[in-house]
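Residue numbers (our numbering), protein chains in the order written: chain A, 1200 to 1338; chain B, -7 to 614.
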């Protein structure tokens, strides 16, 4: 991995990012519209390198690992590309076309969140600073 | 022949004679089929001083070699001829069921010439081809006529029908297939109307389709159908229709608002999105023949001023043209406007574009109540658009109906007062609902050089800049940044070649995104037996582009016509692309160099034409 020391680091950052976006009124509204259980699968970088969002029926929860229930959508990619993606440095359409992101399930909900990636990136930068990981911030 | 049949129906409506012609086999190899072969047939006829509405004008419907295959995305067909809207070469593509049925009946296409004395329709049932009386259909809307034809001939007879707009020769009248699928652009419904031809009906008694290498084809068919179905974009299209990404496109600045004066409205993005359409009005999904994508919508608006019963629903272009472009975020109104346009037989892109221009003209005082016959043209007033403006245009009623039936460019010419500056078109064809300032600067270039005018489906540049295309085999390995000119002329060269292939093979742009370049070649070879390699195929695509340029040159079009309007080239006023300049002239100059086109004439140099095996064509222009 180019940006992470081990498989725990990205999950720590992404879960904290979820917490941060949940506090943002506009983004939390966007997250609720996703209305899906999504598993972000980075296991190509380690067996425990994954986490999930549960945005179904007004819930806004996240947790490390694979969800207990069957996800509506699985997004498989490397932890480095996830870092680029949350930093708004990875065009999701191009990444999918070039198989850098593999998707299984309905992506319609996520599509509604895609326009907000720019705003998510602002939160991500703040989160990385809070974790003392300024060196990971992509310019 | 394989894939294609080699048979083209040639109808002289004046003489009421029908023959079946066989174009040289070499033309299929060099121009593929669809709009490419239509252009070659048109070139051969040589009617370059013929008015599109004169009886001598030819209208050519043409299948590609894949029509009739049980492969997703291959049921489309093309129509081509001289556009009454632009005066240039025009072509338009339509999905549905008609193209395969025509192939099964034993034909690749139909050439129409002449004019019947009384309203008629053309009936094709295998070898039986007749010109039949259709006086009772004249003056009626497409929905009623389509249903009537199904009752009269049978529900599995496939139809192409024009509406009152076509009969009245509105310059952007469409031809609708099965009451749902449109040959929308360039006004060929008006050409059919000028010939007194209300409809074409086809039925085959069996599903005949001959392919060169059935085993190779079958293997490829299975692989591609699975991948096309599972492709993420296609699954999103299936779920939410072609407006699935309208919200995302709005954030990118791709969706034009109020006649291209704004590029961003979050509220409109949400109100008009495919997800909203699904939640509020979708009743069923629909599809073209054998397609697993299923991007078509069936909708109903149960109540309110824009209530409509269950029937064909709007695609992205219609939603944006009768939504954001007119300053409206009323999705029900867009559904109803689309339904009305279908029934009257109007292209929703040109209708929306022309009305948007008129609304701005009214706002600026360039059109007054005197010019509009007392109709106030106000942004977002969809009741007026639906109840007054669209019917007036289709019937060319009153001063406003007559003016707007000409399209935005001719209407602006007639109006003057600087109103041409805020038309949004290239070569007279109103721009589709993708604003190059936000959607991608490469699209500004391809809109401008497209032979038929501003068009997002003439070539795949829209998809390239979005990131949905990846063709390393032909050098497209870079990740194009939509908001710059970097790599765009180079990408445009490949894009117009691919567009030539796509629109001549009549392969749907959504389905064929999943087909790699080697697979395209494999498909041509397995189905049509062309024996091509990648280079042969790309050359055929470019040859099609060159030929259409030559036709336009014979209509007097030169490099000066390869441009966009001041409105489309001014920096965007808001949203993501705010303030960004498009390096249009730089891109165009480089594109011309790469395509070896004469910078004045706008056509390929003589030596290049010869290199592409177009000696005969070169002699006519050099």
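Note that beta-carbon positions come from the ideal geometry of N, C-alpha and C, so glycine has one too.
Can you tell me which of the three DSSP states residue i falls into?
i	result
residue 130 (chain B)	coil
residue 1315 (chain A)	helix
residue 451 (chain B)	coil
residue 55 (chain B)	strand
residue -7 (chain B)	coil
residue 173 (chain B)	strand
residue 1238 (chain A)	strand
residue 102 (chain B)	strand
residue 1332 (chain A)	coil
residue 538 (chain B)	helix
residue 168 (chain B)	strand
residue 604 (chain B)	coil
residue 205 (chain B)	coil
residue 1252 (chain A)	strand
residue 573 (chain B)	coil
residue 242 (chain B)	helix
residue 463 (chain B)	strand
residue 417 (chain B)	strand
residue 615 (chain B)	This structure cannot speak to residue 615 (chain B), because chain B is shown only from -7 to 614.
Using a cut-off of 7 angstroms between C-beta atoms, extract the partners of residue i located in chain B.
i	result
residue 1311 (chain A)	239, 267
Using a cut-off of 8 angstroms between C-beta atoms, extract the partners of residue i located in chain A.
i	result
residue 231 (chain B)	1305, 1307
Could you work out which residues of chain A lie near residue i, taking near to mean beta carbons separated by less than 7 angstroms?
i	result
residue 471 (chain B)	1290, 1293
residue 458 (chain B)	1292
residue 243 (chain B)	1314
Is there a C-beta anywhere in chain A that falls below 7 angstroms from the one on residue i?
i	result
residue 604 (chain B)	no
residue 499 (chain B)	no
residue 256 (chain B)	no
residue 502 (chain B)	no
Determine, for residue i, whether the minimum Cβ-Cβ distance to residues of chain B falls below 7 angstroms.
i	result
residue 1297 (chain A)	yes
residue 1314 (chain A)	yes
Can you pull the chain B neighbours of residue i, defined as C-beta to C-beta under 9 angstroms?
i	result
residue 1302 (chain A)	224, 227
Residues of chain A with CB under 9 angstroms from residue i, in chain order?
i	result
residue 461 (chain B)	1296
residue 236 (chain B)	1307, 1310
For the beta strand (DSSP E) that residue i lies in, which residues bound it at each end?
i	result
residue 37 (chain B)	Residue 37 (chain B) -> not in any beta strand (DSSP E); alpha helix (DSSP H) instead, spanning 26 to 37.
residue 304 (chain B)	300 to 304
residue 150 (chain B)	150 to 153
residue 84 (chain B)	81 to 86
residue 275 (chain B)	274 to 278
residue 289 (chain B)	288 to 293
residue 1275 (chain A)	1272 to 1275
residue 91 (chain B)	Segment 90 to 96 is the alpha helix (DSSP H) holding residue 91 (chain B); no beta strand (DSSP E) there.
residue 121 (chain B)	120 to 125
Go to residue i, then tell me how far its alpha helix (DSSP H) extends in each direction, as first and last residue.
i	result
residue 114 (chain B)	Premise fails: residue 114 (chain B) lies in the beta strand (DSSP E), 112 to 117, not in any alpha helix (DSSP H).
residue 8 (chain B)	Looking at the DSSP string, residue 8 (chain B) is not in any alpha helix (DSSP H), and its letter there is neither H nor E.
residue 74 (chain B)	Looking at the DSSP string, residue 74 (chain B) is not in any alpha helix (DSSP H); the run it does join, the beta strand (DSSP E), is 69 to 74.
residue 403 (chain B)	400 to 407
Is there at least one Cβ from chain D nearer than 7 angstroms to residue i's Cβ?
i	result
residue 589 (chain B)	Looking at the structure shown, chain D is missing, and the protein chains on hand are A and B.
Against chain A: residues of the stretch 297 to 316 of chain B by CB proximity under 7 angstroms:
none
The stretch 43 to 63 of chain B: positions lying closer than 7 angstroms to chain A by Cβ
none
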